[in-house]
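Chains as they are written, first to last, in my numbering: chain A, 492 to 636; chain B, 3 to 279; chain C, 57 to 285.
Quick reminder that beta carbons are idealized off the backbone N, C-alpha and C, glycines included.
Pasting the structure below:
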């Protein structure tokens, strides 16, 4: 089980329920590849300590994730990220969708033809990827640290 | 009971250095006083011998420890007076030290699972313990002083002394180390009653602050008046009074008992219900 | 559950607490919020019986408070409350002597966690170290509730972080915590329930996550609203 590597970097904003922010963080980690399907996740208690949140909040986020089928708990074994592809794809789609929605609504104000926009996005994206090689999703392949 | 003893132990333990210092100082001052007195006396006799060539025994009475104690009264009284002053001050401080200062131990004491009255009795008996330790130590010093005196004085010039006589030779000891139990009871009884009234007054202050000082003084004053009333109103020497002597004594005792009971009750009540950090 | 009902307390002529009612549940972290002099410390002291209360009820698990709560509720005050001449280890022994609920193993573990040297005299401790020691004294017993009065006040940043970690750890799991603090920022995302004191009353009492999800407001937002009324 990996400790560190994304667990302590969470900054919580005070206007959104913390437990939902935790769930969101999990989703981001899954999509970014920091959490793999079927991977064991920290227990409720450990999560509280790692993220520096109230144990009740950790509990709540767990419950939420179990309900959304993000995580699976079998009996007394530690909880794991779901291996259900449908769920994983849905998460990916959700986060991507949100990011794209945000982008689209921001860029709508600028009058630009779609091709130009897509080219710009592509070049910017490649630029961003190559300037942070430590990130998981390195261009070309899945090089998981 | 165990909690009371633990608290008592703690109270005594906190004061041990001061207690030892008082004892040490008393021993040092008094024994040195005796020693110097003895040496001074010997010196006088030598001087006489040198000047007159005659045996000192012809002129001087035999050296006596009792007389030495009598002559060194002042020096004996100094550490005793100091000890009394320290104990009186500590009768206040034993409470106030837990409230004032960088650390308020009162928070801890008042939230212990044991009965609060254990705190009260621990502090009370601690003071009494200090008093009796010092008394006992003083008594112990008397024969030690006699031994020191005997060591310094030449044997043929030494007259034996009874400890009881030696004690009696000191004016302060007449009161503090009385001969009869009845006197002891009366003298120290008065001290204990005063202590109880003091504790009640302190707790009044700790419960009501500024107003508490007023209440405390009023209570103390009232008790004091009540104590002396029998003597004043009913005739100081009982011979001119309305009551028989025994009856007057009984009335005095009853009043004293009343003050004791009310002071203890008041102290315990305030500590349990009204005291504040 | 610790419950206050209509509590009134007078201090120097004015009513510091004037009909205060709120609850702090076991298993939750409840935070009392208020301006200076609002009476937060007084509430703690009242629950602990360190000050008498004029009117109202203070109930613990449904029963009126009394001497029996001292094994169930621990108090972490904002200043030293042990004799300065004692060593920290002697202070622990003192607690062990009087409290049946004292857990010596946890105490030792906490001393290690906070990196405290048991043989040091309490009088020689810095403010941060003293605060940590107070936490040891308050968290070591097997109490159901822990009251903390300004646990972050005047403490250096790193000690504060250590203390904040306590709130996420198993040390407070299943216990009821009631704390007061000025440093809302340190605990904003750690507390379950907030009670905002004003004029001696609970002006607002709310679950923080609910406030966030239903109204999108942080605790500080609510505070601003209350104090600008």
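Item: Measure the C-alpha to C-alpha separation of residue 35 of chain B and residue 147 of chain B and round it to an integer number of angstroms.; Value: 9 Å
Item: Kindly list the residues whose CB is nearer than 6 Å to the CB of residue 111 of chain C, restricted to its own chain and excluding five residues on each side of it in sequence; keep chain order.; Value: 64
Item: Using DSSP with H/G/I as helix, E/B as strand and the rest coil, what is residue 495 of chain A?; Value: Here the model assigns residue 495 of chain A a pLDDT of 49, short of 50, so the residue's position is not dependable, and the following value carries that caveat. DSSP places residue 495 of chain A in coil when its eight states are reduced to three.
Item: Quick check: is the beta carbon of residue 101 of chain C nearer than 9 Å to any beta carbon in chain A?; Value: no
Item: My output table needs one value for residue 258 of chain B: the three-state DSSP class, helix, strand or coil.; Value: helix
Item: So is residue 614 of chain A in contact with chain C if we call contact Cβ pairs under 9 Å?; Value: no
Item: I'd like to check one pair, residue 151 of chain B with residue 70 of chain B: are the Cβ atoms closer than 9 Å?; Value: yes
Item: Counting along the chain, where does the beta strand (DSSP E) carrying residue 193 of chain B start and finish?; Value: It is not in any beta strand (DSSP E) - residue 193 of chain B instead sits in the alpha helix (DSSP H) that spans 183-235.
Item: In chain A, which residues lie less than 7 Å from residue 261 of chain C when you measure between Cβ atoms?; Value: Those do not exist, as residue 261 of chain C stays about 17 Å from chain A at its closest Cβ, beyond 7 Å.
Item: At a CB distance below 8 Å, what residues from the stretch 118-134 of chain C approach chain B? Give them in sequence order.; Value: 123, 124, 126, 127, 131, 133
Item: Taking the alpha carbon of residue 85 of chain B as the reference point, which residue from B:132, B:219, B:167, B:199 has its own alpha carbon closest?; Value: B:132
Item: Under three-state DSSP, which class holds residue 276 of chain C?; Value: helix
Item: Whole angstroms are fine: how far does the CA of residue 501 of chain A sit from the CA of residue 601 of chain A?; Value: 33 Å
Item: Just to confirm, are residue 514 of chain A and residue 542 of chain A a CB contact at a threshold of 9 Å?; Value: no
Item: Taking DSSP as the reference, what is the three-state secondary structure of residue 77 of chain C?; Value: strand
Item: Could you tell me which chain A residues have their CB closer than 7 Å to the CB of residue 248 of chain C, listed as they occur along the chain?; Value: 545, 547
Item: Using a C-beta to C-beta distance shorter than 8 Å, which residues of chain A count as neighbours of residue 269 of chain C?; Value: 507, 508, 511
Item: Closest Cβ-Cβ distance between residue 153 of chain C and chain B: below 9 Å?; Value: yes
Item: Pop quiz: residue 203 of chain B and residue 193 of chain B are said to be a contact at Cβ under 8 Å. What is the actual Cβ separation, rounded to whole angstroms?; Value: The Cβ separation is near 15 Å, so there is no contact.
Item: Does residue 503 of chain A get closer than 9 Å to chain C when you measure Cβ to Cβ?; Value: yes
Item: Does DSSP classify residue 120 of chain C as helix, strand or coil?; Value: strand
Item: Can you pull the chain C neighbours of residue 106 of chain B, defined as C-beta to C-beta under 9 Å?; Value: 133, 135, 136, 137
Item: Tell me the start and end of each unbroken alpha helix (DSSP H) in the stretch 152-185 of chain C that is at least 4 residues and wholly inside, in chain order.; Value: 160-169
Item: Any chance the CB of residue 134 of chain C is under 8 Å from a heavy atom of the ligand SAM?; Value: As presented, the structure is devoid of all ligands, the ligand SAM included, so that no description of it is given.
Item: For the stretch 200-276 of chain C, which segments carrying the beta strand (DSSP E) assignment without a break, of at least 3 residues, lie completely within its bounds, in sequence order?; Value: 201-205, 232-236, 249-254, 257-263
Item: Check the Cβ-Cβ distances between residue 82 of chain C and every residue of chain A, and say whether any is below 9 Å.; Value: no
Item: Can you tell me whether residue 207 of chain B is buried or exposed? The criterion is at least 16 other CB atoms within 10 Å of its CB, across all chains shown.; Value: buried
Item: Grab the span of the alpha helix (DSSP H) containing residue 558 of chain A for me, first residue to last.; Value: 546-558
Item: In whole angstroms, what is the alpha-carbon distance linking residue 129 of chain B and residue 122 of chain B?; Value: 11 Å
Item: How many angstroms separate the CA atom of residue 109 of chain B from the CA atom of residue 228 of chain B?; Value: 35 Å
Item: Between C:58, C:106, C:95, which lies nearest to residue 279 of chain B when the distance is taken from Cα to Cα?; Value: C:106
Item: I'd like the ranges of any beta strand (DSSP E) spanning at least 3 consecutive residues and lying wholly in the stretch 23-51 of chain B.; Value: none
Item: What's the gap between the Cα of residue 186 of chain B and the Cα of residue 178 of chain B?; Value: 8 Å
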